[in-house]
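*Asks:* Here it is: the structure, laid out below.
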Amino acid sequence: MSQAAGYDPDDLLHPARVISVLCGLTRVVARLALAPDDQREYLRRAGVGGSVDELALQLEAVVALLEPLEEAELVDPAQAELARRIDQMLDLMSGADKAYLWEPEALSTAPEWVEVRALAKEFLFLPDPFGGT
Numbered sequence: 186m187s188q189a190a191g192y193d194p195d196d197l198l199h200p201a202r203v204i205s206v207l208c209g210l211t212r213v214v215a216r217l218a219l220a221p222d223d224q225r226e227y228l229r230r231a232g233v234g235g236s237v238d239e240l241a242l243q244l245e246a247v248v249a250l251l252e253p254l255e256e257a258e259l260v261d262p263a264q265a266e267l268a269r270r271i272d273q274m275l276d277l278m279s280g281a282d283k284a285y286l287w288e289p290e291a292l293s294t295a296p297e298w299v300e301v302r303a304l305a306k307e308f309l310f311l312p313d314p315f316g317g318t
């Protein structure tokens, strides 16, 4: 696929890049809101099988891109804040003593994943910042 003249893929404020980041954020959070069986199916289809941490890594990658968008007022502050809260919650689930939380079965059994799904659903129910539905 060819890029438009003057398009710099590293320019986070280019309209195409902004749209890509915001769509990516919504997709990643939607995956975190899925039912456990659907999350496992997503991981299988993505080719990572039992790597539950892929769900967290995807969110971490998108959250890292939000600051310049916030500074330019191109992302809803409520969405950015909630995405960061989810990311922080996932960070708190990390560590050798919590490795069990990253097993596929934990998606169904761990209360931490119930909390992550609840926050992800809260994100999805935020009002549209641009007045849509």
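Going by the working numbering, the sequence shown opens with residue 186, and the numbers climb by one from there.
Where is the CB? At the ideal position from N, CA and C, for every residue including glycine.
Report the three-state DSSP secondary structure of residue 186 (helix, strand or coil).
*Replies:* Low local confidence applies: a pLDDT of 47 at residue 186 is under 50, so the model's placement there is unreliable, and no value is given.
*Asks:* I need the straight-line Cα distance from residue 186 to residue 197, nearest angstrom please.
*Replies:* At residue 186, the pLDDT of 47 sits below 50, so the modelled position is not reliable; the number obtained from the coordinates is stated separately. Roughly 19 Å between the two C-alpha positions.
*Asks:* Under 8 Å Cβ to Cβ from residue 269, same chain only, skipping five residues before and after it: list those, please.
*Replies:* Excluding residues within five positions, the ones whose Cβ falls inside 8 Å are 248 and 251.
*Asks:* Is it the case that the stretch 202-218 contacts the stretch 256-274, given that we only count it when at least three CB pairs across the two stretches are under 8 Å?
*Replies:* As far as the Cβ criterion goes, the stretch 256-274 touches the stretch 202-218, which means the pair count is three or higher.
*Asks:* Note down the Cα distance separating residue 200 from residue 246, rounded to an integer number of angstroms.
*Replies:* Between residue 200 and residue 246, the C-alpha separation is close to 19 Å.
*Asks:* Given this structure, state the Cα-to-Cα distance separating residue 298 from residue 227, to the nearest angstrom.
*Replies:* Cα-Cα distance, rounded: 16 Å.
*Asks:* Between the Cα of residue 288 and the Cα atoms of 204, 222, 202 and 205, which residue gives the shortest distance?
*Replies:* Among 204, 222, 202 and 205, the Cα nearest to that of residue 288 belongs to 222.
*Asks:* Can you tell which of 205, 195 and 210 has its C-alpha closest to the C-alpha of residue 309?
*Replies:* Nearest of 205, 195 and 210 to residue 309, Cα basis: 210.
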